[in-house]
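Let me begin by presenting the structure, written as structure tokens, before commenting on it.
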Amino acid sequence: MAKKSTVTPLHDRVIVKPAAAEEKTAGGIIIPDTAKEKPQRGTVIAAGPGKKDEPVTVKTGDTVLYGKYSGTEIQIDGQDLLIMRESDILAIV
Amino acid sequence: MAKKSTVTPLHDRVIVKPAAAEEKTAGGIIIPDTAKEKPQRGTVIAAGPGKKDEPVTVKTGDTVLYGKYSGTEIQIDGQDLLIMRESDILAIV
Amino acid sequence: MAKKSTVTPLHDRVIVKPAAAEEKTAGGIIIPDTAKEKPQRGTVIAAGPGKKDEPVTVKTGDTVLYGKYSGTEIQIDGQDLLIMRESDILAIV
Amino acid sequence: MAKKSTVTPLHDRVIVKPAAAEEKTAGGIIIPDTAKEKPQRGTVIAAGPGKKDEPVTVKTGDTVLYGKYSGTEIQIDGQDLLIMRESDILAIV
Amino acid sequence: MAKKSTVTPLHDRVIVKPAAAEEKTAGGIIIPDTAKEKPQRGTVIAAGPGKKDEPVTVKTGDTVLYGKYSGTEIQIDGQDLLIMRESDILAIV
Amino acid sequence: MAKKSTVTPLHDRVIVKPAAAEEKTAGGIIIPDTAKEKPQRGTVIAAGPGKKDEPVTVKTGDTVLYGKYSGTEIQIDGQDLLIMRESDILAIV
Amino acid sequence: MAKKSTVTPLHDRVIVKPAAAEEKTAGGIIIPDTAKEKPQRGTVIAAGPGKKDEPVTVKTGDTVLYGKYSGTEIQIDGQDLLIMRESDILAIV
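Chains as they are written, first to last, in the numbering used here: chain A, 7 to 99; chain B, 7 to 99; chain C, 7 to 99; chain D, 7 to 99; chain E, 7 to 99; chain F, 7 to 99; chain G, 7 to 99.
Next up, the structure:
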């Protein structure tokens with residue numbers, strides 16, 4: 007389970023923990039690290055308060071989908087996380 | 007028929023299931039996969055609530071036309087879908 | 007005559023049927039297909055409802071002029087049409 | 007004199023008939039067609055109604071100056087005209 | 007003195023007569039035409055009425071400073087002038 | 007500890023003192039200067055008053071995360087600092 | 007001391023006299039002209055009235071910091087000055 011973050015995103019930013027990339031292909035073949043596709047699915051770890059008159063819709067614990075190149079990679083407490091604007095989030099699963 | 011999605015698009019996003027590409031040309035010749043044109047027609051699987059004061063116009067089940075390079079490809083429950091902003095949708099058929 | 011379309015453009019989009027390109031030059035010489043200039047004149051087949059507080063000005067049946075590279079080519083009921091924003095339309099003839 | 011156009015420009019568009027390029031230099035030398043500078047002066051043939059709360063300032067018959075690469079070339083009733091936004095017009099002479 | 011122009015700039019445009027480029031360097035050496043720096047100082051010949059709720063600040067006769075590549079060159083009554091938006095004017099001397 | 011700055015940022019600017027880059031890798035190997043990654047973590051030294059109706063959220067002493075290429079490097083009282091807009095700050099730790 | 011300018015910046019422009027570049031390095035070595043870094047610190051010589059509802063914050067005499075490539079170089083009364091928008095000013099020292 008994703009550890010609750012002690013980091014507070016500013017404004018409409020959201021911190022997302024990307025889901026672990028699948029280690030095996032559908033046929034059961036183990037794929038090397040570089041061939042793994044970056045996941046586009048993750049769990050919201052922390053969400054900012056939103057912008058003026060526009061509160062953020064997602065909340066901690068939501069599983070979300072996001073664009074392939076969305077967000078900035080940051081490392082907090084040893085975890086590789088992404089911080090992105092809520093507008094980079096496409097949908098809640 | 008398109009399976010109802012359990013994914014909720016954020017704001018003005020819409021999830022569209024592209025129509026299957028035509029397997030045969032008008033003359034009945036079977037065309038290989040790479041030569042098929044990406045369809046620009048699909049079915050709305052899920053639509054977000056819209057933006058502030060601007061509800062989304064399309065609804066689940068609508069057949070829509072969209073631009074050739076619109077949307078981000080996502081895979082949900084094994085289906086290849088597109089998620090796009092409603093402004094990328096050109097018309098309802 | 008242009009067939010009435012069963013497609014409803016979204017927001018401020020307009021569907022235009024381009025006028026047939028002239029088959030002969032002024033001197034009566036038949037020009038091959040690739041040398042024909044794309045027409046910039048067409049007939050409105052369908053117009054969207056417009057944007058909030060900004061209804062669309064053109065209406066079905068209007069002959070309009072538009073920029074050379076305006077619009078997206080779509081095929082509806084076997085007709086090659088263009089779908090564009092009303093702001094791409096320059097004038098009503 | 008410029009013939010009154012039967013074309014109605016949309017919104018803030020203006021149709022301008024470019025002034026004929028000078029056939030002779032100041033010294034009386036006749037210059038070939040390709041060496042003639044595109045004129046930046048023309049006569050307003052038709053003006054649109056303007057945008058919401060912003061009527062168009064120029065009117066049919068005005069001689070106007072415009073930027074070198076302004077407008078789209080269109081042919082109406084055999085005349086080579088330019089259609090441009092009023093914001094491309096620099097001044098009324 | 008700058009001749010009063012019969013040209014009326016539209017909206018927030020201003021017509022400026024560039025100051026003559028200095029013919030001599032500080033040391034009295036006459037410099038050839040191509041080595042002269044384009045002046046960034048000129049006299050306002052005519053100013054438009056401004057935009058909605060934003061009248062133009064400069065007035066005819068003001069000496070103004072403007073950016074090196076500001077404005078469009080136009081020729082009116084044999085004078086080489088510049089027409090620019092008031093926002094291209096940096097200061098009144 | 008970060009010395010209080012005598013510099014007042016304008017509007018929504020924030021002055022940040024970047025955290026010192028780690029001198030050793032996790033395995034204890036000392037890394038040369040050029041191989042050190044620019045930190046993305048720092049301490050707020052001074053924050054501007056914000057923009058009209060939008061006060062700045064961060065305050066002096068906050069530890070913040072920011073994007074890799076955010077801000078302009080400035081030197082104040084011998085310290086290498088960054089000055090950035092508050093919108094470049096991703097989160098408060 | 008900076009001479010009071012007789013130039014009035016328009017709108018939100020500010021005229022800044024860059025601080026003289028340091029002639030010696032910390033170790034006392036005299037550096038040639040081309041190796042001197044452009045200063046990012048200067049004194050406000052004149053400030054415009056600001057934009058509608060947004061008066062300018064800096065005032066004549068303020069020492070300010072600005073971005074490396076901010077502003078346009080102008081020469082007034084033999085002084086090399088910079089004219090920039092107030093938004094290019096980062097902080098008041």
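Just so it is clear, CB atoms sit at the ideal spot from N, CA and C, and this is done for glycine as well.
Since this is a predicted model, take the numbers as computed values, not measurements.
Quiz prompt | Alpha carbon of serine 76(D) to alpha carbon of leucine 87(C), nearest angstrom | solution = 28 Å
| request: Spell out the partners DSSP gives glycine 102(E) in its beta bridges. | output: In the structure as shown, chain E starts at 7 and stops at 99, and residue 102(E) therefore has no counterpart that could be examined.
request  = Can you give me the start and stop residues for the beta strand (DSSP E) that glutamate 111(B) sits inside?
outcome  = The displayed coordinates of chain B run from 7 to 99. Any statement about residue 111(B) would go beyond what the structure contains.
key: Closest Cα partner of glycine 48(E) within the set Thr78(E), Glu92(E), Ile82(E) and Asp68(E)   = Asp68(E)
**Asked** In the segment 11-26 of chain C, which residues sit with their C-beta less than 8 Å from some C-beta in chain B, listed in chain order?
**Response** Thr12, Val13, Thr14, Pro15, Leu16, His17, Arg19 and Ile21
CB of proline 15(C) within 8 Å of CB of glycine 54(C), strictly: yes
- Consult DSSP for aspartate 94(B) and reduce its assignment to one of helix, strand or coil. helix
Cβ shell of aspartate 94(C) (< 7 Å), same chain only, five flanking positions each side left out: Tyr72, Gly73, Ser76 and Gly77
Check your understanding: Is the CB of glutamine 46(B) under 8 Å away from at least one CB in chain C?
Key -> yes
What in chain D is Cβ-close to lysine 58(E), meaning under 9 Å? Asp59 and Glu60
Notebook entry, point to check: Which partner residues of aspartate 86(C) appear in the DSSP bridge assignment?
Noted result: Gln81(C)
Exercise. Could you run through the segment 76-89 of chain E and flag, in chain order, every residue whose CB is less than 7 Å away from some CB of chain D?
Key: Thr78, Ile80 and Ile89
Hey, does glycine 67(A) have any beta-carbon neighbour from chain B nearer than 8 Å?
no
Listed by chain order, chain G residues near isoleucine 51(E) by CB distance under 8 Å:
Simply none; closest approach about 17 Å.
> Within 10 angstroms of its Cβ, does alanine 26(A) collect 16 or more other Cβ (buried), or is it exposed?
Replying inline: exposed
Could you give the DSSP three-state label for proline 55(B): helix, strand or coil?
coil
**Study point:** Beta carbon proximity, glycine 54(D) to chain E, threshold 8 Å
**Key:** no
Collapsed DSSP secondary structure at threonine 14(A) in the structure displayed: strand
* Asked: In chain order, what residues of the same chain have a beta carbon less than 8 Å from the beta carbon of valine 64(B), not counting five sequence neighbours either side?
  -> Val20, Val50, Ala53, Val70, Glu92, Ile95 and Ile98
Under a Cβ-count criterion, where at least 16 other Cβ atoms within 10 Å of its own Cβ denotes burial, should aspartate 18(F) be classed as buried or exposed? buried
(Q) On the CB-based measure, 16 or more other CB atoms within 10 Å of its CB, does glutamine 81(B) come out buried or exposed? (A) exposed
| query | proline 61(B): which of Pro61(C), Lys57(C) and Val62(C) sits nearest, CA to CA? | reply | Lys57(C)
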